[in-house]
Amino acid sequence: MKKYLTIMTIAASAHCHAVDFNDVKTPFFAIVEVTDGVTPRDFELRYDGESQSSLKGEAPTGAPGNLRMVGNSKDMTYFFWVENDPRKVVMTMDEKQFATNLGIDLSSIKENSTNLGKKEFIGIECTHWRKDIQITHQGKEPTGYIEACITKEGIPLWEKDSGRLVMKAKMLELGKQNEQWFKAPSDHKVVDMNALMQSLKALQK
Numbered sequence: 036m037k038k039y040l041t042i043m044t045i046a047a048s049a050h051c052h053a054v055d056f057n058d059v060k061t062p063f064f065a066i067v068e069v070t071d072g073v074t075p076r077d078f079e080l081r082y083d084g085e086s087q088s089s090l091k092g093e094a095p096t097g098a099p100g101n102l103r104m105v106g107n108s109k110d111m112t113y114f115f116w117v118e119n120d121p122r123k124v125v126m127t128m129d130e131k132q133f134a135t136n137l138g139i140d141l142s143s144i145k146e147n148s149t150n151l152g153k154k155e156f157i158g159i160e161c162t163h164w165r166k167d168i169q170i171t172h173q174g175k176e177p178t179g180y181i182e183a184c185i186t187k188e189g190i191p192l193w194e195k196d197s198g199r200l201v202m203k204a205k206m207l208e209l210g211k212q213n214e215q216w217f218k219a220p221s222d223h224k225v226v227d228m229n230a231l232m233q234s235l236k237a238l239q240k
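The sequence shown: position 36 = 71 (this note's numbering), numbered continuously.
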């Protein structure tokens, strides 16, 4: 269970820091570096321009292959797995329910955006934004701010969390993506992580 949560946390972190797919209408492929401040990891990120996203990158130490994730921003459902894992397990989660089980109230996010002007990164023009945030987590409301330089298509080229760099794009190409990237394996066992986390939460009461 702990290993599954580690895998999901890494993928979810990379996905969230990379782009808000609700704002993007252009298909693209990008290589992004995501870091927790200790370990930087490179991920391949693909988007079909409508709702489907795909993530591929380095899994936790000891995993037999790359970490994979596919998601749909319309129904907010995501599937995670590790390539070449003999257990053939796909983990599924609903984004809102997963956040609730972790004690995070996404509806309490409060943002005030400030336009800090045009910049350029990896040869691409972007607009530098700063947003003050306040997120309720297990009854507490820590505050901070995020900064991002966002292209005209809505794709962040870099992002900082309270001054700390958490994501940067190394390469970005706009264009149609192969539909196969957005499909989860059909021969894997599906594990509902929402149900598992609800059961654990009930046992803790």
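All C-beta atoms in this analysis are idealised placements derived from N, C-alpha and C, irrespective of residue type, glycine included.
Backbone CA spacing between residue i and residue j [nearest angstrom]
i, j, result
"Phe63", "Asp71", "25 Å"
"Arg199", "Pro220", "36 Å"
"Val73", "His223", "32 Å"
"Asn119", "Gly97", "12 Å"
"Leu192", "Lys211", "19 Å"
"Thr127", "Ile157", "34 Å"
"Arg103", "Glu214", "15 Å"
"Glu188", "Lys205", "17 Å"
"Ile139", "Lys123", "Note that Ile139 scores a pLDDT of 48, beneath 50, so its modelled location is shaky and nothing firm can be said."
"Asn107", "Lys203", "23 Å"
"Thr186", "Arg165", "14 Å"
"Thr149", "Val225", "42 Å"
"Arg81", "Lys91", "9 Å"
"Pro75", "Ser89", "19 Å"
"Glu155", "Asp129", "35 Å"
Residue closest to residue i, alpha-carbon to alpha-carbon, out of the options
i, options, result
"Cys184", "Lys205, Val201 and Thr162", "Thr162"
"Thr112", "Asp58, Gln87 and Asn147", "Gln87"
"Phe217", "Val105, Val225 and Glu194", "Val105"
"Ala65", "Asp58, Ile159, Glu79 and Lys109", "Glu79"
"Gly179", "Ile190, Trp164 and Asp196", "Asp196"
"Pro95", "Ser89, Ile181, Tyr82 and Trp116", "Trp116"
"Asp167", "Glu182, Ile159, Lys153 and Leu209", "Glu182"
"Pro99", "Val69, Tyr82 and Pro121", "Pro121"
"Asp83", "Lys60, Glu93 and Glu68", "Lys60"
"Asp227", "Glu155, Val125 and Glu194", "Val125"
"Glu85", "Asn57, Glu93, Val67 and Val69", "Asn57"
One or two residues paired with residue i in a DSSP bridge
i, result
"Gly179", "Ile168"
"Pro75", "Thr70"
"Ala65", "Leu80 and Leu207"
Original post:
Enumerated in chain order, which unbroken segments of the beta strand (DSSP E) with a length of 3 residues or greater are wholly contained in the stretch 97-132?
Top reply: 102-107, 112-117 and 124-129
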